[in-house]
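Right, one structure below, let's go through it.
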Amino acid sequence: MTKSDHTAKKQTDIVIIGGGHAGLITAALIGQLDLNCILIDRDDPQKTLDAAFDGRTTAISYGSQKVLQETGAWDALEPHACPIEKIDILDGNSRKNILEFDNKEVGGDIFGWILENRQIRLALYKRLEDCDNVTIIAPSTVTACDTTNDHAAVTLDDGTQITAKLLIGADGRGSFVRRNAGIESRQWSYNQHAIVCTVVHEHPHDNIAVEHFRNEGPFAILPMTDDEDGHHRSSIVWTEDSKKRQTNSFDYDDETFNYALQSRFPDRYGTVKQIGKRFSFPLSLNHAYHYTSQRTALVADAAHGIHPIAGQGLNLGIRDIAALYGLLAQACDTQTDIGSDAQLQRYEQARRLDNTAMAGTTDILNKLFSNDSKVLGFARKAGMHIIAKTPPAKRFFMKQAMGSAGILPALIKDTQ
Ligand SMILES: Cc1cc2nc3c(=O)[nH]c(=O)nc-3n(C[C@H](O)[C@H](O)[C@H](O)COP(=O)(O)OP(=O)(O)OC[C@H]3O[C@@H](n4cnc5c(N)ncnc54)[C@H](O)[C@@H]3O)c2cc1C
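Just so we're aligned: 395 in this note's numbering is position 392 of the sequence shown, and the numbers increase by one with no gaps anywhere.
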């Protein structure tokens, strides 16, 4: 599945550190260009495809789907992608919708698709097998990065050295590349964790996603494709306050957990039951003060990790990657330096505002919705009522969810 070739010294055009979704998407796009690229990841690719590695699903927005199409991986993903046609919003302990977003109100375009993380990885690995200009070295850890005016040099744990014109840090929230470059970031913990698992339910979900803003934190039900035996499936993201250990549902026995799930699911799903493993993710915000330094660009979570309340973390990262890809394609056409300061500045300028706006929005949403204050609860209900009755405001939020509003890279804008 991966191409790995360990020798002492290598030279390439671009070296990508990190083979999570961001690194793989970046590599698959570079695979379309006249540039050579080496991607390094510390995890064994085979292990990352195991259902027990990462039980999450990702809501891929309408805009991000265009980028996956450009990578050439979308055709393999489509059969596993469950379209979202409606989003129901519930508030507090009420089991009635306070707000509904229906894709018919935005011309019938799909809001997005729910995909299993392991399916996204599998499709991208397969796609990369056909890209002769991309080499994957994994499992392997980057232990040092150095840059000069005209190149970046990366050292791996087996002593291999790779030099490139551009270093892309796609190595996640704790980014080694970011820290090594001395880039500080703004960060705080939300003192929350998200419990993630898959459930099967008696009745179909009708391609509806549910976001229930409960007092203890948001509870999301995300529609998945049926499994091979025809069982109807959804993925849940159950956010809890980490300080209130007595409510840590992660440790519930199966019977108690299923009982708690049933009480949180709308009746139309019928009987619900958790399958597979439960996963728990601590939630925090992390936003780098700079996305670039000499010969270096940070993308996705390495640059900005946000609260998953709106399911936009990777979608933002995909917009970074699309912007960087546009600049790399231009540099190839004009035969200019792909890692010049001017090029990196353009990348930073293209992405800072969009990422800052989304990081701020998700932060405020979480503060507003993970709160049992009566005053905030009243303001929240009033706000949602106003949105429900104001079609332009409703359309604005729907376009945001689709990833087709805001500052869009050409690759996404041009395909709309
Ligand atoms: C509960 C939850 C639900 C979410 N739901 C959504 C959603 O619905 N939609 C959405 O858009 N986003 C969602 N997100 C956000 C999304 O998961 C992240 O934005 C995305 O996974 C970030 O991908 P990445 O590739 O940047 O980082 P990562 O997935 O962290 O990948 C980083 C990679 O770098 C490698 N690495 C790190 N250091 C080194 C090193 N020194 N050497 C070699 N390799 C290294 C790691 O092994 C890893 O493979 C969610 C997040 C959470 C927590």
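Glycine included, each C-beta is placed from N, C-alpha and C at the ideal position. Note that the structure is predicted; figures quoted are calculated from it, not measured.
Counting only the Cα atoms, Glu258 lies some 47 Å from Pro412. A check of alpha carbon separations from His290 across Lys280, Asp161, Gly316 identifies Gly316 as the nearest.
Within the stretch 165 to 208, the runs of beta strand (DSSP E) at least 3 residues long that lie entirely inside it are, in chain order, 169 to 172, 188 to 204. Judged by DSSP secondary structure, Glu351 falls within the alpha helix (DSSP H) whose first and last residues are 344 to 372. Under the DSSP definition of a beta bridge, Gly220 partners with Arg217. Taking 3 residues as the minimum length, the beta strand (DSSP E) runs contained wholly in the stretch 266 to 314 are 275 to 291, 299 to 301, in order along the chain. For Ala325, the uninterrupted alpha helix (DSSP H) run begins and ends at 316 to 337, by DSSP. Val213 is positioned such that its CB atom lies no closer than 8 Å to that of Leu32. Annotation for Lys89: the continuous beta strand (DSSP E) segment containing it runs 89 to 94. Non-local beta-carbon contacts of Cys335 in its own chain, meaning distances under 8 Å to residues more than five positions away in sequence, involve Leu36, Asp37, Leu38, Ile341 in chain order.
In this structure, Asn194 places its C-beta atom within 8 Å of the C-beta atom of Asp244.
Set against 7 Å, the gap from the CB of Gly162 to the closest heavy atom of ligand 1 is not smaller. For Ile324, the number of other beta carbons within 10 angstroms of its own is at least 16, and it is reported as buried. With respect to Tyr294, Tyr350 sits close: the two C-beta atoms are nearer than 8 Å. In this structure Glu132 is exposed. Its beta-carbon is surrounded by fewer than 16 other beta-carbon atoms within 10 angstroms. With respect to the 8 Å criterion, Ile43 and Ala141 are classified as neighbours on the basis of their beta carbons. In the displayed model, Arg236 falls within a strand according to three-state DSSP.
In terms of Cα proximity to Phe56, the closest of Cys200, Phe104, Gln346, Thr359 is Cys200. The beta-carbon distance between Asp91 and Ile211, rounded to whole angstroms, is 6 Å. This is short enough to meet the 8 Å contact definition.
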